[in-house]
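Inspection log for the structure reproduced underneath, given as structure tokens.
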């Protein structure tokens with residue numbers, strides 16, 4: 107059975123064809139910023155991206171009616187448990203009236219819905235960033251009415267956690283893991299026997315990343331909010347121009363590594379601070395698991411850096427063995443989820 111996988115990002119749309127667990131073909135469609143700026147809202151890009159996806163399918167030598175199902179990355183939805191969901195009218199409504207803002211990932215569900223209806227096949231999405239398995243106690247923030255929420259790289263974290271379990275010769279649902287997704291964004295999560303019971307997400311807290319601020323001193327943040335900047339300007343500043351970029355003027359970690367190796371003391375300090383904050387988050391999530399941790403898993407783009415991973419391992423390896431699984435397995439995870447449902451597992455209802 108063939109499954110079409112769609113994963114839209116801010117500047118690309120990834121399209122792949124899977125036969126069972128095997129990837130048969132893949133295309134990454136790049137979108138020029140000048141083109142995307144023509145659209146007022148992200149969902150206004152639907153027809154534009156749909157046309158390119160259809161072109162990619164034909165280019166790979168397939169037709170829509172060759173597929174048994176379509177599965178996409180999920181978006182910024184209501185908080186829901188992990189799993190594979192059938193696209194329905196409720197999720198389409200929430201995409202069109204977003205509770206947590208617009209994101210390119212929201213387009214995946216709309217694309218899957220339209221293409222699925224055209225082909226007369228089921229459309230699914232899986233493990234969106236709003237996946238929520240947190241415990242009640244972990245939601246308490248310290249100020250009533252301002253509770254902690256679960257937003258993280260759920261799709262890749264869950265996929266890499268399952269790969270780690272396979273390498274350990276165990277089942278994911280038997281293990282306690284601390285999984286670190288680190289790249290443009292950072293999320294550090296405590297996986298307790300198949301459930302993510304707590305998580306740091308760089309948009310709200312935890313380590314800074316290449317261009318996001320993470321946890322910031324609250325009084326300094328209050329001062330920034332009353333500095334004359336608008337709410338939108340502050341969100342942009344802390345979400346796109348903070349982190350490593352605010353210190354060093356670059357979002358390219360390879361440049362950071364090279365400058366640190368060359369003896370630049372300021373760059374070395376920021377490199378070490380990035381490692382330091384990641385390790386603090388790992389230690390916190392290990393405590394959530396009562397330090398009964400089977401493995402710490404490093405994944406995402408920065409996990410390709412040996413120097414970065416070695417520096418983390420030096421600090422946290424006494425907690426548990428550290429496994430380095432760089433990159434992402436989002437497309438593979440989506441395909442595996444869809445195949446499980448096609449082979450009889452029941453899809454969840456949004």
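Numbering (this note's numbering), first residue to last: 107 to 456. For glycine and all other residues, C-beta sits at the position ideal for the given N, C-alpha and C.
It is roughly 5 Å from the alpha-carbon of residue 280 to the alpha-carbon of residue 299. Within the same chain, 117 come within 6 Å of residue 137 by CB-CB distance, once the 5 residues on both sides are set aside.
Counting C-beta pairs closer than 8 Å gives three or more between the segment 304 to 320 and the segment 374 to 390, which meets the contact rule.
The criterion of a C-beta distance shorter than 8 Å is satisfied by residue 109 and residue 174.
For residue 182, the closest of 201, 190, 222, 342 by C-alpha to C-alpha distance is 201. Taking one beta carbon from each stretch, the segment 268 to 286 and the segment 375 to 383 have fewer than 3 pairs nearer than 8 Å; the two do not touch.
Between the segment 128 to 144 and the segment 404 to 412, the count of Cβ pairs shorter than 8 Å is below three; the stretches do not touch. Between residue 210 and residue 218, the gap from beta carbon to beta carbon reaches 8 Å or more. DSSP places residue 189 outside both helix and strand once states are collapsed to three, so it counts as coil.
Per the DSSP secondary-structure output, residue 362 pairs with nothing in a beta bridge.
The bridge partners DSSP lists for residue 179 are 232. The shortest CA-to-CA distance from residue 127 to any of 324, 425, 448 is the one to 448. According to DSSP, residue 296 shares a beta bridge with 284, 304. Put simply, of 176, 145, 121 the residue whose alpha carbon is nearest the alpha carbon of residue 163 is 121.
The continuous beta strand (DSSP E) containing residue 130 extends over residues 128 to 136. In this structure, the alpha-carbon of residue 132 lies about 18 Å from that of residue 171. In this chain, the alpha helix (DSSP H) harbouring residue 270 covers 260 to 273. Under DSSP, residue 455 shares a beta bridge with 192.
Under the three-state reduction of DSSP, residue 124 is assigned to strand. Sequence-distant partners of residue 421 (beyond 5 residues in either direction) whose C-beta falls short of 6 Å from its own C-beta, in its chain, are 385.
Judged by DSSP in its simplified three-state form, residue 224 adopts helix. Following the DSSP letters along the chain, one finds residue 429 inside the beta strand (DSSP E) bounded by residues 428 to 432. The shortest CA-to-CA distance from residue 227 to any of 370, 177, 304, 350 is the one to 177.
Per the DSSP secondary-structure output, residue 401 pairs in a beta bridge with 283.
If you draw a straight line from the Cα of residue 282 to the Cα of residue 305, it is about 14 Å long.
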